[in-house]
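Have a look at the structure below before the remarks.
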Amino acid sequence: MLKLDRVNISYGAIQAVREVSLEVPKGQVVTIIGANGAGKSTLLKSVVGLEPLVTGRVFLDGKDVTSIPAHKRTKLGVALSPEGRGVFPDQTVQDNLLLGAYAMKDGASTADRVERSYNMFPRLRERRDQMAGTLSGGEQQMLAIARALMCDPKLLLLDEPSLGLAPLIIRDIFETIRSLRKTGLTILLVEQMANQALAVADFAYVLETGRITHQGKGSELLNDERVRAAYLGAH
Amino acid sequence: MRAPHLLMVAAIAGGAALLALLIDNDYYLRILFMMGVYYLCAAGMNVLVGYAGQKSLGQAGLFAAGAYTAALLTTSLDLNPWLALGAAAIAAGACGVLIAWPSLRVRGPYLAMVTLAFGIVVEKLVSEWTEVFGGADGIYGIKSLAIFGTPFGMLQWVWFVIALGVVTHLLLRNLLSGRFGRAFLSLQADEIAAESVGVSVYKYKILAFVIAAVTCGVAGAIVAQQNQYFNSDFISFNLSIFILLLVLFGGAGNQYGPLVGAILLTLIDAQLAKWPSIQHFVYGALLLFSLYLMPNGVAGLIKQLLGSRGHTPSVRSKSKSVVAANFESVSDSRHPLLDVDTVSKHFGGVRPAQDVSFRLQWGHVHALIGPNGAGKSTMINMITGVLTPTAGRITFVGQNIGGAESHVICRLGIGRTFQNLRLFAGLSVLENVLLGQHCRMKNGFWASLFALPSSIREEAAAQERAWAILDVVGLADLAMSPAGSLPYGLQRRVELARALATEPKLLLLDEPAAGLNPQETAELGKLIVKISKLGITILMVEHHMDLVMSISDHVVVLDYGIKIAEGTPSIIQADKRVIEAYLGAEAA
Amino acid sequence: MGGLSNPRGCVLGGFALGVLESLVNLWQAQWREIVVFLLVILVLALRPHGLLGQHTVEKV
Numbered sequence: 039m040l041k042l043d044r045v046n047i048s049y050g051a052i053q054a055v056r057e058v059s060l061e062v063p064k065g066q067v068v069t070i071i072g073a074n075g076a077g078k079s080t081l082l083k084s085v086v087g088l089e090p091l092v093t094g095r096v097f098l099d100g101k102d103v104t105s106i107p108a109h110k111r112t113k114l115g116v117a118l119s120p121e122g123r124g125v126f127p128d129q130t131v132q133d134n135l136l137l138g139a140y141a142m143k144d145g146a147s148t149a150d151r152v153e154r155s156y157n158m159f160p161r162l163r164e165r166r167d168q169m170a171g172t173l174s175g176g177e178q179q180m181l182a183i184a185r186a187l188m189c190d191p192k193l194l195l196l197d198e199p200s201l202g203l204a205p206l207i208i209r210d211i212f213e214t215i216r217s218l219r220k221t222g223l224t225i226l227l228v229e230q231m232a233n234q235a236l237a238v239a240d241f242a243y244v245l246e247t248g249r250i251t252h253q254g255k256g257s258e259l260l261n262d263e264r265v266r267a268a269y270l271g272a273h
Numbered sequence: 028m029r030a031p032h033l034l035m036v037a038a039i040a041g042g043a044a045l046l047a048l049l050i051d052n053d054y055y056l057r058i059l060f061m062m063g064v065y066y067l068c069a070a071g072m073n074v075l076v077g078y079a080g081q082k083s084l085g086q087a088g089l090f091a092a093g094a095y096t097a098a099l100l101t102t103s104l105d106l107n108p109w110l111a112l113g114a115a116a117i118a119a120g121a122c123g124v125l126i127a128w129p130s131l132r133v134r135g136p137y138l139a140m141v142t143l144a145f146g147i148v149v150e151k152l153v154s155e156w157t158e159v160f161g162g163a164d165g166i167y168g169i170k171s172l173a174i175f176g177t178p179f180g181m182l183q184w185v186w187f188v189i190a191l192g193v194v195t196h197l198l199l200r201n202l203l204s205g206r207f208g209r210a211f212l213s214l215q216a217d218e219i220a221a222e223s224v225g226v227s228v229y230k231y232k233i234l235a236f237v238i239a240a241v242t243c244g245v246a247g248a249i250v251a252q253q254n255q256y257f258n259s260d261f262i263s264f265n266l267s268i269f270i271l272l273l274v275l276f277g278g279a280g281n282q283y284g285p286l287v288g289a290i291l292l293t294l295i296d297a298q299l300a301k302w303p304s305i306q307h308f309v310y311g312a313l314l315l316f317s318l319y320l321m322p323n324g325v326a327g328l329i330k331q332l333l334g335s336r337g338h339t340p341s342v343r344s345k346s347k348s349v350v351a352a353n354f355e356s357v358s359d360s361r362h363p364l365l366d367v368d369t370v371s372k373h374f375g376g377v378r379p380a381q382d383v384s385f386r387l388q389w390g391h392v393h394a395l396i397g398p399n400g401a402g403k404s405t406m407i408n409m410i411t412g413v414l415t416p417t418a419g420r421i422t423f424v425g426q427n428i429g430g431a432e433s434h435v436i437c438r439l440g441i442g443r444t445f446q447n448l449r450l451f452a453g454l455s456v457l458e459n460v461l462l463g464q465h466c467r468m469k470n471g472f473w474a475s476l477f478a479l480p481s482s483i484r485e486e487a488a489a490q491e492r493a494w495a496i497l498d499v500v501g502l503a504d505l506a507m508s509p510a511g512s513l514p515y516g517l518q519r520r521v522e523l524a525r526a527l528a529t530e531p532k533l534l535l536l537d538e539p540a541a542g543l544n545p546q547e548t549a550e551l552g553k554l555i556v557k558i559s560k561l562g563i564t565i566l567m568v569e570h571h572m573d574l575v576m577s578i579s580d581h582v583v584v585l586d587y588g589i590k591i592a593e594g595t596p597s598i599i600q601a602d603k604r605v606i607e608a609y610l611g612a613e614a615a
Numbered sequence: 052m053g054g055l056s057n058p059r060g061c062v063l064g065g066f067a068l069g070v071l072e073s074l075v076n077l078w079q080a081q082w083r084e085i086v087v088f089l090l091v092i093l094v095l096a097l098r099p100h101g102l103l104g105q106h107t108v109e110k111v
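Residue numbers (the working numbering), protein chains in the order written: chain A, 39 to 273; chain B, 28 to 615; chain C, 52 to 111.
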């Protein structure tokens, strides 16, 4: 579904991503773990078109999208739930969801998808007319994911969904990720919570200062000594 | 005050004075004079626009205040022109307060509108109220400044304005290089964070407006006294734009900006004087041009081309004991540290707090946990004055702080970090921490302005304490980097260092481990324990259960705004309601 | 004066200023603009987002 081929990204003099090549097969959950500043968010943003590449290519469903601008990539079936949620604070939950479907033309299925979002996240239904800025962190995260799903993507990108969330909610979010996978959605997940991410992923990459240092099946890396020491802490 | 800079100032001033001596032509002398006048306007405006970030469109009103005060006092009351000049400065300062008051809570286009309206009101006032101000006919016979009975000639005026310019520059430089400069910059970066370190946003905004008003007022008075005539034609919206342009085109926030702006724009103004409509067109174009292509003005552009010279590192402190000395055991057994008593908060149909009560113990590490939306951040915001409780009392060491302003609460001894990082991103790490010291530094406005020895000592002491804190948190190597350029985890540590610099009795941490990986979280835990051992009481809002359980002495659990449990970590971990609402079956 | 985020506010602001300006014109023409702009200052001082403007929410 997604293929990154020797991607390099720089912020001026600082090179954030070096020679990264990875693949996300259709219908699977792939995760990228790593420390702060490793370049994970930058990588996700480049997939959706928000970060320009210095060199390298991005392939979406076999198509080279490297030079296609971000607002056109949504139509190709990729959606991002950004780091820090990125909800529109001055608009209601309902409006945020509707904005997620902005690029979609048909109004009828939009209403269906809104219903589907509320079914997936009942808390959002309770708060449908509330300003998104007044929601709690977990509710905002749910809104961000629901909004990303509103354009019916084939590939869903999640940037640190567990950031600042309560343990119960984090469990819910990962449950949601599992159930989304069952519907056939392809997911690329960037996470700090390495244990949860590796448990849910089919395949995983470890990013260190912009470079991929380890890769393998989720379960393999969970048991890998070096990965445990660096990223899994005391657990 | 460093010698090289003083030498450069002397050289520029001396050069200008010499140039004036050599020029025989009154027309050119007048241009030089106006450069000085506009420099005065720009120097003050730079504080308001460049440092405090308040873009005022009504400075012509302050120019008028100074000019008409000097004019009226020397004509109707026959006052000595020197005294009139002083009175003009004071009158303009008072008008500065007048324009500041409605501008305190507005921002962006609303601020532009308020300041614009002020300028127009003054403009209309002086042109319509002809009995007092003379309207377009103006006021004649304004007394010129004189020395030993002889009124100033054009040359003396130029020298006078150069001298004034030098004095203004040196005084403002003193002010801006210390805690006042940092405080102004913090207003631009993040007002809520500024309040949390003890900067009274309202007070500093008013101060910035007054400084800009005084310099513009003095400039106006001088023009009136030199011309010995003044009328309402001088005061127009175009003058306000011109004064703003001086700073924006020259380079806002840059110490050379006002000079560059004054010189360049006075020359342009003189060249275009014959064609007023082209003048307005050019100013408009320059405004657009500088905002779009040169956001840091000409001075900023030059600085970029020359390559920025490195900051000279400030005095380094080696002793960690300095930090310990500040946080002596301060427990006061007469009063509980913090007493939250049946506090409630309602707004817009949401009830983030309902009759919540708890008490904090001196020297302990407390944690506030609960599901998202439970009201934890709301509680922290009520304790620190960002929000006012709807009901109930919050008492800190015996003092009621419910509804008090954030900067007051900071001074009383509560420091905090924010859930969504609020650093002063454009300032260096060291400057961020120094801002934490703001409320503990005792040098006032006049001491800072005149760089009195007491002020210099306070600044040096604050720098030492800041370095010591950077040592404690391990950021000393990055002290000079812009805070916004650091990786996320380190940015959080800067915010923590800044909060520590306020010398708090109680430190509130809002989700300090958010975005940190397990290793960084463990380091954070050790750091918090280290801080606690210094005698500081801690209350943290957290979701990372391993962190909470391993270092807390006492845990309070909120759910839907209600306190559902309280006790030691082991009690909380076993509590059924907590498990159900928050922890889940595998309580980690 | 009406509030930038509210179109109804803008209409209200427009009417209010227009009517006021005309009334003052009948009384003392030269004070017209002074009164109008003083009113703008007063309204924004008391309600920083305009009469009907929305206060932007910020999660602290």
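The beta-carbon is built from N, C-alpha and C at its ideal position, and this holds for glycine as well. The structure presented is a predicted model; accordingly, all values stated were derived computationally and were not measured.
7 Å Cβ cut-off: residues of chain B touching residue i
{"i": "V75 (chain C)", "result": "Per Cβ cutoff of 7 Å: no residues; V75 (chain C) is ~12 Å from chain B at best."}
{"i": "R209 (chain A)", "result": "G611"}
Buried/exposed call for residue i, threshold 16 Cβ in 10 Å
{"i": "S257 (chain A)", "result": "exposed"}
{"i": "P379 (chain B)", "result": "buried"}
{"i": "Y269 (chain A)", "result": "buried"}
{"i": "Y137 (chain B)", "result": "buried"}
{"i": "W389 (chain B)", "result": "buried"}
{"i": "R59 (chain C)", "result": "exposed"}
{"i": "F104 (chain C)", "result": "The displayed chain sequence assigns Gly, not Phe, to residue 104 (chain C). It counts as buried."}
{"i": "L333 (chain B)", "result": "exposed"}
{"i": "A139 (chain A)", "result": "buried"}
{"i": "S356 (chain B)", "result": "Note that S356 (chain B) has pLDDT 49, beneath the 50 cutoff, so the model's placement of it is unreliable and no number is given."}
Identity of the residue in the options nearest residue i by Cα
{"i": "H391 (chain B)", "options": "B:Y609, B:K330, B:T595 and B:G123", "result": "B:T595"}
{"i": "L275 (chain B)", "options": "B:F264, B:F236 and B:Y319", "result": "B:Y319"}
{"i": "M62 (chain B)", "options": "B:R520, B:Y515, B:I565 and B:G277", "result": "B:G277"}
{"i": "A144 (chain B)", "options": "B:A87, B:Q183, B:L610 and B:A524", "result": "B:A87"}
{"i": "V70 (chain C)", "options": "C:R98, C:L90 and C:N57", "result": "C:L90"}
{"i": "A69 (chain B)", "options": "B:A44, B:I290 and B:F308", "result": "B:I290"}
{"i": "D99 (chain A)", "options": "A:G115, A:T93, A:S59 and A:E246", "result": "A:G115"}
{"i": "N46 (chain A)", "options": "A:T80, A:V86 and A:G72", "result": "A:T80"}
{"i": "V86 (chain C)", "options": "C:E72, C:Q105 and C:L77", "result": "C:E72"}
C-alpha gap between residue i and residue j, whole angstroms
{"i": "G171 (chain A)", "j": "S155 (chain A)", "result": "19 Å"}
{"i": "Q446 (chain B)", "j": "D262 (chain A)", "result": "33 Å"}
{"i": "P31 (chain B)", "j": "L84 (chain B)", "result": "36 Å"}
{"i": "P90 (chain A)", "j": "E57 (chain A)", "result": "14 Å"}
{"i": "W184 (chain B)", "j": "F207 (chain B)", "result": "32 Å"}
{"i": "G140 (chain B)", "j": "I599 (chain B)", "result": "The displayed chain sequence assigns Met, not Gly, to residue 140 (chain B). Approximately 54 Å between the Cα atoms of the pair."}
{"i": "Q298 (chain B)", "j": "A119 (chain B)", "result": "30 Å"}
{"i": "G327 (chain B)", "j": "G280 (chain B)", "result": "9 Å"}
{"i": "T293 (chain B)", "j": "L59 (chain B)", "result": "8 Å"}
{"i": "V265 (chain A)", "j": "R209 (chain A)", "result": "22 Å"}
{"i": "H338 (chain B)", "j": "A210 (chain B)", "result": "Its pLDDT being 47, under 50, H338 (chain B) is placed unreliably in this model, and the value from its coordinates should be taken loosely. Each residue's Cα considered, the two are about 19 Å apart."}
{"i": "D197 (chain A)", "j": "S223 (chain B)", "result": "30 Å"}
Any non-hydrogen atom of the ligand PLP closer than 7 Å to residue i Cβ
{"i": "D133 (chain A)", "result": "Because no ligand of any kind appears in the structure shown, any question about the ligand PLP cannot be addressed here."}
Contacts of residue i in chain A (Cβ-Cβ under 8 Å)
{"i": "Y587 (chain B)", "result": "Per Cβ cutoff of 8 Å: no residues; Y587 (chain B) is ~11 Å from chain A at best."}
{"i": "V383 (chain B)", "result": "Those do not exist, as V383 (chain B) stays about 16 Å from chain A at its closest Cβ, beyond 8 Å."}
Contact set between residue i and chain C, taken where Cβ atoms lie within less than 9 Å
{"i": "K151 (chain B)", "result": "Q81, W82, R83, E84, I85 and F88"}
Partners in chain C for residue i, counting only beta-carbon separations shorter than 7 Å
{"i": "A144 (chain B)", "result": "F88, V91 and I92"}
{"i": "F445 (chain B)", "result": "V111"}
Under 7 Å from the C-beta of residue i: neighbouring residues of chain A
{"i": "H570 (chain B)", "result": "G202, L203, A204 and P205"}
Partner residues on chain B for residue i, Cβ-Cβ distance less than 8 Å
{"i": "A67 (chain C)", "result": "Neighbours of A67 (chain C) on chain B: none; closest Cβ ~15 Å, over 8 Å."}
Chain C contacts from the region 409–420 of chain B (Cβ-Cβ distance under 7 Å): V413
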